[in-house]
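Here the sequence shown stands for residues 26 to 375, where the numbers follow my numbering.
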Amino acid sequence: MNESSDSSPGIIINLNSNYSNYQFDPFTIPVLLNIIPFIYIIPTCFVIFRIIQVYIVKGLRNNDEIVNKSVFLVIILSQLSCLCFFLSDVLIVRLPTTGILTKWCQQQPANHILTIVFTSQIYFAYTLMIYPVLLIVVRITPIQYPQSHREINSKILAYSIPFIHIYPIFFILHMIPALGVCRQLWKPYPFGCAFIHFYGSWHDLKNSPFEVINSVLWLIIFLICNFKLYQKIQNLKGTSRGNSNVNQSSRYRRAEISLTLTSGSMILTYIVNFIFQASLNQPKIWNLPFFQGTFIINFTLMTYSSFFRPYGYDLETCVVPWMLYLTHPAFQKRKESITVTPSLQRERIP
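Here it is, written out as structure tokens:
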């Protein structure tokens with residue numbers, strides 16, 4: 026089976042006799058490129074665990090007001106989705122790219138287990154599109170309803186979190202009949218470098234159009250919500266200046282700045298996903314059916330972009346938790362204020 030077209034995913038490795046004698050070589054550039062991300066992913070995991078610890082200790086147990094429990098919960102769930110996306114990406118692209126799974130793939134027929142692995146990445150990609158919007162919403166609530174924001178946010182989270190994890194299912198139902206396979210990557214990747222793909226989806230529907238449309242949709246919603254949040258913060262500042270009784274501590278100001286930087290950095294989710302999806306697809310919006318043949322993936326371009334793809338997708342996984350960890354006062358030790366009385370300031374002269 027020789028597939029030479031740029032729009033072809035690549036040769037299927039499963040039960041392909043050409044790969045029966047393949048031997049994995051650990052000393053290759055693809056192996057090196059896939060080791061590098063763990064240098065920053067492992068420390069990031071510790072930062073995420075630290076965020077969870079602060080949420081439990083200071084937020085839930087000590088009820089520290091500096092820790093907005095709703096905001097921290099959304100950030101934690103978003104970052105756990107990021108880690109799940111990273112792990113699925115390791116199984117789908119990064120690990121097979123090294124060639125370590127090629128021998129195993131050659132011995133397996135096309136199967137639904139590979140389909141589940143492939144679909145898991147798509148699933149978590151959708152959740153990552155919605156969590157940034159939810160973060161802005163739970164930040165707006167305390168400004169809009171300062172007296173009852175805890176109860177309102179609790180109800181918002183009770184409905185929105187299940188929605189976020191049910192919503193992607195509707196965009197992956199067409200993958201139920203699909204069979205997962207391992208395919209050979211195009212040059213310049215050497216022989217045996219693979220990635221997990223599929224064939225036989227319902228009506229041959231593609232995933233890319235759904236992802237591109239959702240990226241644009243949720244980006245627009247994210248920007249609108251950010252604009253509304255900015256307006257409300259500015260109005261609140263104006264009210265605070267006019268009211269001499271309002272005295273916002275520096276810790277709360279730094280916490281708000283930290284959350285603004287953190288939520289702003291979540292825009293990387295949309296930018297990175299849209300760049301890789303849109304640049305690899307050639308949309309012909311006037312051709313029908315739209316979700317079958319209108320997005321033609323250029324797999325030659327995809328192969329070259331795959332060198333940079335992991336680092337792009339890792340941006341949000343790393344930037345968001347580090348931004349929160351380095352800027353939020355909940356992770357900084359409070360300096361004890363020491364009041365010195367004038368009598369203690371005087372030196373006793375013998």
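Every residue gets a Cβ at the ideal spot worked out from N, C-alpha and C, and that includes glycine.
Close beta carbons around residue i, own chain, < 6 Å, minus the five adjacent residues each side
i: isoleucine 186; result: none
i: isoleucine 189; result: Thr152 and Ile155
i: phenylalanine 49; result: Gly124 and Ile125
i: glycine 318; result: Residue placement at glycine 318 is poorly supported in this model, since its pLDDT is 38, which falls under 50; the coordinates are not used for a value here.
i: asparagine 178; result: Ser95, Val163 and Thr166
i: glycine 217; result: Tyr47, Gly124 and Thr127
i: phenylalanine 63; result: none
i: histidine 174; result: Thr166 and Pro167
i: aspartate 89; result: Lys83
i: glutamate 176; result: none
i: threonine 144; result: Ile197 and Met200
i: tryptophan 227; result: His199 and Pro202
DSSP state of residue i mapped onto helix, strand, coil
i: asparagine 298; result: helix
i: leucine 85; result: helix
i: asparagine 46; result: coil
i: alanine 219; result: strand
i: glycine 205; result: strand
i: asparagine 41; result: coil
i: lysine 358; result: coil
i: tyrosine 338; result: helix
i: tyrosine 214; result: coil
Cutoff 7 Å; reference residue i; Cβ partners in own chain excluding five residues on either side
i: serine 240; result: Met154, Tyr295, Asn298, Phe299 and Gln302
i: proline 134; result: Asn39 and Leu40
i: glycine 225; result: Pro202, Ala203 and Leu204
i: serine 45; result: Gln131
i: cysteine 107; result: Leu153, Glu341 and Thr342
i: glutamine 146; result: Phe110, Ser113, Asp114 and Ile117
i: proline 354; result: Ile91, Arg276, Arg279 and Ala280
i: leucine 293; result: Leu340, Glu341 and Val344
i: alanine 150; result: Phe110, Glu236 and Asn298
i: lysine 253; result: Ile165
i: tyrosine 261; result: Here the sequence assigns leucine to residue 261, which means tyrosine is not the residue at that position. Excluding residues within five positions, the ones whose Cβ falls inside 7 Å are Ile168.
i: leucine 286; result: Met348 and Thr352
Contact check, residue i vs residue j, beta carbons under 8 Å
i: valine 206; j: isoleucine 181; result: no
i: tyrosine 338; j: aspartate 114; result: yes
i: alanine 219; j: cysteine 130; result: yes
i: isoleucine 221; j: valine 142; result: yes
i: tyrosine 214; j: threonine 127; result: no
i: leucine 242; j: histidine 199; result: no
i: tyrosine 148; j: isoleucine 191; result: no
i: isoleucine 258; j: threonine 352; result: no
i: valine 158; j: isoleucine 76; result: no
i: phenylalanine 401; j: valine 79; result: This structure leaves residue 401 out entirely; the chain is present only between 26 and 375.
Cβ-based neighbour list, residue i, same chain, cut-off 8 Å, excluding 5 preceding and 5 following
i: valine 72; result: Pro346, Trp347 and Tyr350
i: valine 23; result: Not covered by the structure: residue 23. The range shown for the chain is 26 to 375.
i: methionine 291; result: Ser103, Tyr156, Pro157, Leu160, Phe247, Glu341 and Val345
i: proline 335; result: Leu58, Asn59, Pro62, Asp114, Val118 and Arg119
i: leucine 85; result: Lys94
Residue i Cβ short of 7 Å to the ligand ATP heavy atom set
i: tyrosine 151; result: For the structure depicted, the ligand ATP is absent and the ligand set is empty, with no information on it obtainable.
Any chain C beta carbon closer than 8 Å to residue i
i: leucine 58; result: No chain C is part of this structure, which consists of one protein chain only.
Report yes or no: do the region 346–361 and the region 65–84 share at least 3 C-beta pairs separated by less than 8 Å? yes
Evaluate the contact criterion for the region 136–153 versus the region 166–177: three or more CB pairs, one atom per stretch, below 8 Å. no
Should the region 46–60 be regarded as contacting the region 93–113, the criterion being three or more beta carbon pairs within less than 8 Å? no
Is the region 208–219 touching the region 108–122, taking contact as three or more C-beta pairs under 8 Å? yes
Jot down the residue ranges of each uninterrupted alpha helix (DSSP H) in the region 113–190, minimum 4 residues, whole runs only, in chain order. 120–123, 127–132 and 137–169
Entirely enclosed alpha helix (DSSP H) segments - the region 226–263, minimum 4 residues: none
Output the residue ranges of the alpha helix (DSSP H) runs that lie fully inside the region 62–108 and measure 4 residues or longer, sorted by chain position. 62–79
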